[in-house]
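Worksheet: one structure, shown below.
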Amino acid sequence: MNHPIHYDESTFAGVLKPVEQAESLPPWCYTEDSVYLREQERLFRGGWVSVGREDRWQNPGDYVALEVGGTPIIVLRGEDGTLRSFANSCRHRGMLLLTPGDGHCERITCPFHGWNYRLDGSLQSAPKMTDAVDFDTNNYGLIEISLATRAGFVFVNLDGQAGSIDDWLGDFEALHRPWSLGTAVTGYRSEFELRCNWKAYLEVFNEYYHIQKVHPKTVGMLYETPDPPDEVRGKFTTQFGMHKQVDSVGKLDDGAEPLPIMSTLRGKERSGTRYTWIYPSLTFAASVDAIWILEACPRAADTTTGSLTLCFPEETAAREDFLERAEVYQRRMDIALAEDIEILERQQLGLNSVLARSGRFSPLLEPSVHAFQAWFANQLI
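For the sequence shown, this note's numbering assigns the number 8 to the initial residue and increments by one for each residue that follows.
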């Protein structure tokens with residue numbers, strides 16, 4: 008853009024209207040570095056952000072080193088079984104303690120000068136510091152980050168100012184209780200890079216408009232017109248949709264039998280899928296036989312690290328043929344994701360055009376996208 012951005016209600020007046028009248032976010036919300044920096048501060052460092060399913064940390068010493076809001080952090084399970092999060096930064100000279108990714112450790116040792124931390128973040132030892140006046144290891148533990156677990160999801164809040172996780176989620180857990188999210192078992196997880204803005208990546212998962220055009224030979228004909236979004240309390244949006252003459256939409260029509268319908272579902276829940284987006288960066292589909300989860304980690308205005316997680320009920324995961332059957336679901340998700348990614352990267356090219364302008368929403372097929380965009384605009388103001 009060749010002019011400064013004014014973060015006020017007039018700038019976002021179009022998207023703040025009801026969905027029937029609203030315009031989409033200005034394209035520069037997907038391309039401008041200044042917007043990226045503002046959302047990193049306000050949404051990702053200032054909000055509750057999902058960092059994965061709790062069963063990613065099975066045992067004491069299991070950790071994940073990752074970034075949230077452009078900030079390196081560690082999430083690890085302590086010797087007492089408690090899950091905690093810390094800044095991935097040594098208290099001596101700021102060295103990155105653990106390289107990004109999953110791992111296991113008995114202690115955290117700085118690779119620069121050897122300061123050694125326990126799994127609860129306390130400083131155990133600091134070599135060659137005996138001559139430092141009034142140096143007390145109790146004062147130099149790792150900086151702890153607020154962490155909460157709900158419904159099997161792990162959330163962190165970097166600045167500690169987001170308020171209660173229960174206020175953030177509102178009635179999320181009650182609404183999703185039939186799917187027993189808290190006990191669901193992870194069967195598959197992958198990460199991948201996308202050349203598109205993080206918002207676009209999550210938006211495509213939450214709208215029905217593109218399905219027949221982008222997925223004509225895979226999942227395009229499996230869905231009925233969805234119900235309107237539920238009225239909810241909390242920072243999320245959710246929408247239920249029935250399937251079209253099929254039991255499972257989690258697998259391709261390849262002749263393989265679908266996994267059993269979850270025993271906890273009742274009524275129309277046994278014949279449809281609930282799509283939910285917890286702001287800012289966690290979205291998932293709770294279906295009749297599986298739950299598939301997408302998360303986004305922004306890397307730049309036009310670059311995103313995405314993840315896909317497939318979860319199944321405990322009774323399904325206990326089957327002898329579970330891994331073999333789950334592979335069918337994995338293939339379906341990988342194929343559909345590849346179709347979406349091709350479109351998303353083309354969309355990003357269009358959004359970068361100096362001639363790109365705000366559009367309009369389909370109130371029937373894109374209400375969840377509008378709900379997010381209105382929330383997003385309010386966070387930037």
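Positions of the beta carbon are idealized from the N, C-alpha and C atoms, including for glycine.
Since the model is a prediction, treat every value here as computed from it, not as a measurement.
Can you give the Cα-Cα distance for residue i and residue j, rounded to whole angstroms?
| i | j | result |
| --- | --- | --- |
| residue 72 | residue 252 | 43 Å |
| residue 52 | residue 316 | 23 Å |
| residue 348 | residue 341 | 10 Å |
| residue 23 | residue 196 | 36 Å |
| residue 243 | residue 162 | 14 Å |
| residue 180 | residue 160 | 11 Å |
| residue 393 | residue 58 | What is shown of the chain runs 8 to 388, which leaves residue 393 out entirely. |
| residue 144 | residue 104 | 17 Å |
| residue 32 | residue 358 | 11 Å |
| residue 25 | residue 238 | 14 Å |
| residue 339 | residue 188 | 21 Å |
| residue 288 | residue 142 | 41 Å |
| residue 41 | residue 137 | 46 Å |
| residue 47 | residue 223 | 36 Å |
| residue 330 | residue 362 | 49 Å |
| residue 132 | residue 96 | 16 Å |
| residue 274 | residue 21 | 38 Å |
| residue 254 | residue 260 | 11 Å |
| residue 89 | residue 112 | 15 Å |
| residue 377 | residue 100 | 45 Å |
| residue 360 | residue 194 | 40 Å |
| residue 177 | residue 228 | 33 Å |
Which whole-angstrom value is the C-beta distance of residue i and residue j, which I expect to be below 8 Å?
| i | j | result |
| --- | --- | --- |
| residue 264 | residue 379 | Going by Cβ atoms, the distance from residue 264 to residue 379 rounds to 36 Å, so no, they are not a contact pair. |
| residue 37 | residue 204 | 4 Å |
| residue 186 | residue 286 | 20 Å between Cβ atoms; not a contact. |
| residue 172 | residue 155 | 4 Å |
| residue 30 | residue 367 | 6 Å |
| residue 60 | residue 318 | 7 Å |
| residue 14 | residue 388 | 5 Å |
| residue 384 | residue 19 | 4 Å |
| residue 299 | residue 375 | In fact, because the Cβ distance is near 16 Å, the residues do not count as touching under 8 Å. |
| residue 27 | residue 370 | 5 Å |
| residue 202 | residue 352 | 5 Å |
Smallest Cα separation from residue i: which of the options?
| i | options | result |
| --- | --- | --- |
| residue 102 | 112, 89, 116, 109 | 116 |
| residue 276 | 183, 45, 131 | 183 |
| residue 278 | 41, 258, 248, 300 | 248 |
| residue 114 | 123, 370, 22, 12 | 123 |
| residue 75 | 109, 189, 164 | 164 |
| residue 297 | 334, 313, 174 | 334 |
| residue 240 | 175, 295, 273 | 175 |
| residue 355 | 206, 288, 300 | 206 |
| residue 230 | 351, 271, 190, 294 | 294 |
| residue 323 | 46, 201, 192, 288 | 192 |
| residue 314 | 25, 199, 178, 136 | 199 |
| residue 301 | 56, 47, 45 | 56 |
| residue 45 | 93, 77, 118, 246 | 77 |
| residue 190 | 339, 271, 360, 361 | 271 |
| residue 118 | 98, 109, 137 | 98 |
| residue 281 | 360, 329, 245 | 245 |
| residue 110 | 89, 131, 93, 63 | 63 |
| residue 166 | 177, 362, 93 | 93 |
Is the CB-CB distance between residue i and residue j below 7 Å?
| i | j | result |
| --- | --- | --- |
| residue 343 | residue 226 | yes |
| residue 218 | residue 152 | no |
| residue 386 | residue 49 | yes |
| residue 208 | residue 372 | no |
| residue 332 | residue 266 | yes |
| residue 221 | residue 350 | yes |
| residue 269 | residue 320 | yes |
| residue 336 | residue 262 | no |
| residue 107 | residue 121 | no |
| residue 169 | residue 54 | yes |
Quick one: is residue i near chain B, going by C-beta distance under 7 Å?
| i | result |
| --- | --- |
| residue 75 | Among the chains of the structure shown, chain B does not appear; only one protein chain is present. |
Would you check if the stretch 21-40 and the stretch 299-311 touch, i.e. whether three or more CB-CB distances between them fall below 8 Å? yes
Across the stretch 137-148 and the stretch 61-68, are there enough close Cβ pairs to call them in contact, namely three or more that are closer than 8 Å? no
Three-pair Cβ contact test at 8 Å for the stretch 110-128 versus the stretch 79-95: yes
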